[in-house]
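Visitor: Let me begin by handing over the structure; questions about it come next.
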Amino acid sequence: MKKEYKGTDGTVGFVSAWDSEKSDVGKGEQEIKKITEGERIDFELRFIKPFESTEPAYMITEPVSDSQTKVKWGFSGEMKYPMNLMLLCMNMEEMVGKDLETGLNNLKNTLEK
-14 MKKEYKGTDG
-4 TVGFVSAWDS
6 EKSDVGKGEQ
16 EIKKITEGER
26 IDFELRFIKP
36 FESTEPAYMI
46 TEPVSDSQTK
56 VKWGFSGEMK
66 YPMNLMLLCM
76 NMEEMVGKDL
86 ETGLNNLKNT
96 LEK
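Quick note: my numbering has the sequence shown finishing at residue 98, numbered continuously throughout.
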């Protein structure tokens, strides 16, 4: 997979792009749109292949204790008929679960430094 980064990581406007020959990964990018320090990051997911779509997403952090932080990640999206029928056959946990786990582990390592 080819990855490309534009801007300064951790700042508004930073773009992380990917391009893969694998159909389940495809091509796209995400851009940080807003940062509320220590609370929330809002970003935009832009999927290019295998289908085009632009969706808002977020990551919220909440302190649980002095040594623990709860992270919530989410996005909203719309898939119009008849493409939305494909959702019945998709396992989103299987599709993005490993990537989310990797991202959360990277975040954990950064926060613990």
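Where a beta carbon is used, it is the ideal one built from N, C-alpha and C, also for glycine.
Let me know the secondary structure DSSP gives Thr21 once reduced to three states.
Guide: strand
Visitor: State buried or exposed for Glu14, treating a residue as buried only when at least 16 other CB atoms are found within 10 Å of its CB.
Guide: buried
Visitor: Determine the DSSP secondary structure at Thr87, reduced to helix, strand or coil.
Guide: Under the three-state reduction of DSSP output, Thr87 falls in the helix class.
Visitor: Answer yes or no: do Lys34 and Lys7 have a C-beta to C-beta separation smaller than 8 Å?
Guide: no
Visitor: Rounding to the nearest angstrom, what Cα-Cα distance links Gly88 and Pro67 in this structure?
Guide: The straight-line gap from Cα to Cα measures roughly 32 Å.
Visitor: What's the C-alpha gap between Lys19 and Ser1?
Guide: 15 Å
Visitor: According to the Cβ coordinates, are Gly(-2) and Glu16 closer than 8 Å?
Guide: With contacts defined as CB atoms closer than 8 Å, Gly(-2) and Glu16 qualify as a contacting pair.
Visitor: Here's the rule: buried if 16 or more other CB atoms are within 10 angstroms of the residue's CB, otherwise exposed. What is Phe36?
Guide: Around the Cβ of Phe36, a 10 Å sphere holds fewer than 16 other Cβ atoms; the residue is exposed.
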